[in-house]
Structures are given as C-alpha cells and as structure tokens.
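Written out below as structure tokens is the structure these notes cover.
Residue numbers (the numbering used here): 4 to 168.
The following block contains the structure:
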C-alpha cells in the first residue's frame with residue numbers, strides 16, 4: 004500500500020486556473036509534473052505555522068483530584084437501560100446517606116460502592132412490589148373468567164370418557 008499523500012513539493016508555476024507544475028524528485032521522474040489544483044494542499048512545517056494567531060499555553064492547568072463518591076449509598080431508587088458506545092448498560096438512580104435528593108446520581112452497577120448488597124436489596128424489593136401489584140390484577144382477571152364460565156351451558160362443556168381422565 005502506498006501513501007495517499009506525498010510531498011512536499013515546490014510549485015514552479017500556475018498553469019491556467021486549475022493546474023500547477025511542481026518540481027518532482029528523481030524517484031518521481033517518470034510522472035508528469037502537472038497536477039490539478041484539487042490535489043494540491045498547503046504544507047505547514049509545524050502547528051504554529053498552520054495557525055499563527057493561536058496562543059500557546061506554556062503551562063498545563065493543574066489537575067486537582069476530587070472524590071467522586073459523595074458518601075455511602077442509602078438506597079437504589081430506580082433503574083434504567085441506556086446505550087453507551089453502542090452497548091446497552093443498566094444504570095441505577097442512587098441516593099446517598101447524609102445527602103439531599105438533588106444529589107442523587109445515576110451510576111453504573113460497577114461504579115456503585117457496595118453495589119452487590121444494594122442491588123440484591125433493590126431487586127428483592129422490586130420482586131415483592133411486582134407480586135403485590137400482580138395479586139389485584141390476578142383476582143380481577145380470574146373473576147372475569149369465572150363470570151364467563153357461569154354462562155356456559157352444560158352442552159358446551161366437553162364430556163370426558165373414563166379412560167381420558
């Protein structure tokens with residue numbers, strides 16, 4: 004594979020509006036020295052030549068490390084699935100001890116201090132919550148089913164032979 008860009012070469016002259024003649028080294032002696040201007044790009048020796056008005060920052064800013072965790076986890080409030088870099092990731096809304104509600108954060112499972120313990124508690128609470136919400140719905144569906152069954156006539160109920168039971 005070859006480089007898509009070679010050079011830099013010195014422009015000898017402009018030929019019309021759309022072509023330039025360049026001085027080629029000996030290794031390119033078999034190439035024609037006239038090229039369209041669409042293939043010609045300016046060459047800058049350094050970044051400063053490219054952007055002369057840009058000021059260089061002589062000293063990098065001081066890096067101050069701040070503790071990310073606002074304290075121990077109080078409880079997990081909610082869960083959500085998001086896509087980060089094309090991958091699905093589950094995040095949890097976490098409230099912290101000795102912090103107000105506005106300090107709650109969405110954290111990934113692995114970024115949570117004592118994550119396993121709190122996740123087990125959260126998942127257990129979700130299971131009981133779902134079970135409690137399921138019971139009234141189950142009763143409602145079953146009562147609707149029973150009321151339909153009462154209206155069936157005996158002729159519609161299938162008869163079973165002793166060998167089938």
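For every residue, glycine included, the Cβ atom is placed at its ideal position computed from N, Cα and C.
Shown here, residue 122 sits in a helix according to DSSP, grouped into three states. By the neighbour-count definition (other C-beta atoms within 10 Å, threshold 16), residue 15 is an exposed residue. When the alpha-carbon of residue 47 is set against those of 80, 12, 99, 27, the nearest one is in 12. By the neighbour-count criterion, in which a residue is buried when 16 or more other Cβ atoms sit within 10 angstroms of its Cβ, residue 79 is buried. In the assembly as shown, residue 35 is an exposed residue. Its beta-carbon has fewer than 16 other beta-carbons within 10 Å. Residue 110 and residue 95 do touch by the CB rule: their CB atoms are close to 6 angstroms apart, below 8 angstroms. The straight-line gap separating the alpha-carbon atoms of residue 10 and residue 19 is approximately 22 angstroms. Following the DSSP letters along the chain, one finds residue 43 in no beta strand (DSSP E), marked with neither H nor E.
Selection 105, 75, 37, 84 evaluated against residue 21 yields 37 as nearest (Cα-Cα).
With contacts defined as CB atoms closer than 7 angstroms, residue 105 and residue 98 fail to qualify as a contacting pair.
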